[in-house]
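Going from the sequence shown to my numbering is simple: count from 1 and add 72. Even glycine gets a Cβ: it sits at the ideal position worked out from N, Cα and C. As the structure is a prediction and not an experimental result, all values here were calculated from the model. A short worksheet on the structure shown next.
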Amino acid sequence: MFNLCVICGGVSNEHSVSLVSGANVLRNLDTEKYHILPVVIDTAGDWFYLPGCNPDAIESGAWTEYAGKVPVTLSVSRSTPALIPLNGDTPISVDLAFPVLHGKNGEDGTIQGLFEIAGIPYVGCKVLASACGMDKAMTKLIVERLGIRQAAWCVFSAYDIQESLTACAETAERAFSYPMFVKPANAGSSVGISKAKNQEQLFDALLEAARHDGKVLVEEFISGQEVEVAVLGNRTLTVSDCGEVVSGQEFYSFDAKYNDTSSQTLIPARLEKEVRDRVRDAAKKIYLALGASGLSRVDFFVTDTMDVVFNEINTLPGFTSISMYSKLMNAAGLETRDLLDRLIALARED
Ligand SMILES: Nc1ncnc2c1ncn2[C@@H]1O[C@H](COP(=O)(O)OP(=O)(O)O)[C@@H](O)[C@H]1O
Ligand SMILES: [Mg+2]
73 MFNLCVICGG VSNEHSVSLV SGANVLRNLD TEKYHILPVV IDTAGDWFYL
123 PGCNPDAIES GAWTEYAGKV PVTLSVSRST PALIPLNGDT PISVDLAFPV
173 LHGKNGEDGT IQGLFEIAGI PYVGCKVLAS ACGMDKAMTK LIVERLGIRQ
223 AAWCVFSAYD IQESLTACAE TAERAFSYPM FVKPANAGSS VGISKAKNQE
273 QLFDALLEAA RHDGKVLVEE FISGQEVEVA VLGNRTLTVS DCGEVVSGQE
323 FYSFDAKYND TSSQTLIPAR LEKEVRDRVR DAAKKIYLAL GASGLSRVDF
373 FVTDTMDVVF NEINTLPGFT SISMYSKLMN AAGLETRDLL DRLIALARED
């Protein structure tokens, strides 16, 4: 038995999604094998150890009322990796961390850096792959070298958008015709993303994206099916089949992802095997080029002419019971409990 610290919540616009993912991980971990230390980071960035807390209370947010919650911090001393209770109780040693965190301060290399400093092995990508996978402009630079098609793009700083909105919009208009996609470089769950169909909407879209990150991408619109591939492993990779997301709305917005019951996920994607294999091959190449480890979900569009267009990589993809990552791995023959065992074993490799 070893002490496995499962961390969810976090200072991110995906805080509540992370609570759902974290609760699902907690429900599926084998308690015969692991002594689980559930930790929630609240939206202010304070850490709480919740021994014996029902995952349902974590999922719903009711954990804040849990009588047994203990404010803690993580020791950065490599000799004693531990959660330090702020009430003066004895430290709780940590053998391995499982950050079930999405977006900023969780998926972007920051908490991974903290684990490196503290000498705690952790599930998922390391610092650099996490940071590059989070920043959509950095990811694009890496993927460009692979010769895999992606939406043409340009980038603006939030400062430039605020200071010279019209000039930014005109630069984008010279590059692309409408509609265009506008997105914060560092965000997730479609937060801050808009489809702009005219200049007025482009102004609004640029300002909205700039509220979420210091860097904003404008992309050409890609028309096609949206497909996703789950990858697992460090050196020897398990690459799932392609799943397809069918948005109940004009694009796969936050609402379409989490609230719209007409959005669907299909496994496998409605594509010929030859096309699905090309997508899987691209996913593997991107995973390796990024230097990913543990897990990632790699997302694409497939156009009417069966062109494979990379969209983005998620190094800590949603892990709810209906999330594509676990469903794709389940379809590949790996039950969620075994998938979690594999992720933990991969985190302990060298
Ligand atoms: N260039 C594009 N062309 C067409 N649709 C896009 C484009 N970029 C994003 N989208 C739509 O917006 C959604 C969210 O964008 P994405 O880049 O995946 O951001 P996030 O990290 O928030 O999921 C996608 O799932 C897709 O529906
Ligand atoms: Mg996405």
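| Query | Result |
| --- | --- |
| Please say whether L412 and G366 have beta carbons closer to each other than 8 Å? | no |
| Going by beta-carbon coordinates alone, are V215 and I416 separated by less than 8 Å? | no |
| Can you name, in chain order, every residue of its own chain whose Cβ lies under 6 Å from the Cβ of H87, other than the five neighbours on each side? | G81, T115 |
| Would the beta-carbon of G196 be found less than 7 Å away from any heavy atom of ligand 1? | no |
| Where E291 and I233 are concerned, what is the direct C-alpha to C-alpha distance, given to the nearest angstrom? | 16 Å |
| Suppose contacts are defined by Cβ-Cβ distances below 8 Å. Is A169 in contact with I192 by that definition? | yes |
| What distance in whole Å lies between the Cβ atoms of L146 and L109, which are believed to be in contact at a cut-off of 8 Å? | Not a contact, Cβ separation roughly 11 Å. |
| I think F275 touches A241, with their Cβ atoms under 8 Å apart; what is that distance to the nearest whole Å? | 6 Å |
| Where do the ends of the beta strand (DSSP E) carrying R369 lie? | 366–374 |
| Exposed or buried, what is R342 when buried is set at 16 or more other beta-carbons lying within 10 Å of its beta-carbon? | exposed |
| In the structure shown, what three-state DSSP assignment does G175 receive? | coil |
| Please list, in chain order, all residues with a C-beta atom less than 6 Å from at least one heavy atom of ligand 2. | D371, E384 |
| If you drop the 5 nearest sequence neighbours on each side, which residues of the same chain put their C-beta closer than 6 Å to that of N30? | For the chain, the structure presents residues 73 to 422; residue 30 sits outside this window and is missing. |
| Can you tell me the Cα-Cα spacing of Q297 and A223, whole angstroms? | 14 Å |
| Using the C-alpha atoms, what's the distance from G405 back to V347? | 21 Å |
| Measuring only from the beta carbon, is S335 closer than 7 Å to any heavy atom that is part of ligand 1? | no |
| If H174 and S229 are in contact, beta carbons under 8 Å, what's the gap, nearest whole angstrom? | Not quite, the Cβ-Cβ distance comes to about 24 Å (not below 8 Å), so this is no contact. |
| For I113, which residues of its own chain have a beta-carbon under 6 Å away from its beta-carbon, when the five flanking residues on both sides are left out? | G81, G82, W119 |
| Can you tell me whether S312 is helix, strand or coil according to DSSP? | strand |
| Where does F253 fall in DSSP's three states? | strand |
| Using 7 Å as the cut-off, classify the Cβ of G260 as near or not near the heavy atoms of ligand 1, replying yes or no. | yes |
| If S90 and G178 are in contact, beta carbons under 8 Å, what's the gap, nearest whole angstrom? | 7 Å |
| Got a sec: does ligand 3 put a non-hydrogen atom nearer than 7 Å to the Cβ of A134? | Among the ligands present in this structure, namely ligand 1 and ligand 2, ligand 3 is not found. |
| Confirm, please, whether the CB-CB distance from D180 to M210 is below 8 Å. | no |
| Counting along the chain, where does the beta strand (DSSP E) carrying E424 start and finish? | Nothing in the structure corresponds to residue 424, since the chain is present only between 73 and 422. |
| Thinking C-alpha only, which one of D313, A328, T238, S319 is nearest M401? | D313 |
| In chain order, what residues of the same chain have a beta carbon less than 6 Å from the beta carbon of E300, not counting five sequence neighbours either side? | G315, R369, D371, M396 |
| Considering only residues of the segment 107–189, which uninterrupted alpha helix (DSSP H) runs meet the minimum length of 4 residues and lie entirely inside it, listed in chain order? | 127–132 |
| Taking Cβ positions, are T377 and I294 nearer each other than 8 Å? | no |
| Just to confirm, is the Cβ distance from L58 to P143 under 8 Å? | There is simply no residue 58 to check, as the chain begins at 73 and stops at 422 in what is shown. |
| Verify the contact flag: S319, CB atom, against every heavy atom of ligand 1, threshold strictly below 7 Å. | yes |
| Cutting at 8 Å between CB atoms, please list the residues of its own chain near R420, excluding the five before and the five after it. | L168, P193 |
| In whole angstroms, what is the alpha-carbon distance linking K45 and N258? | The structure shown does not extend to residue 45, since the chain is modelled only from 73 through 422, so no value can be given for it. |
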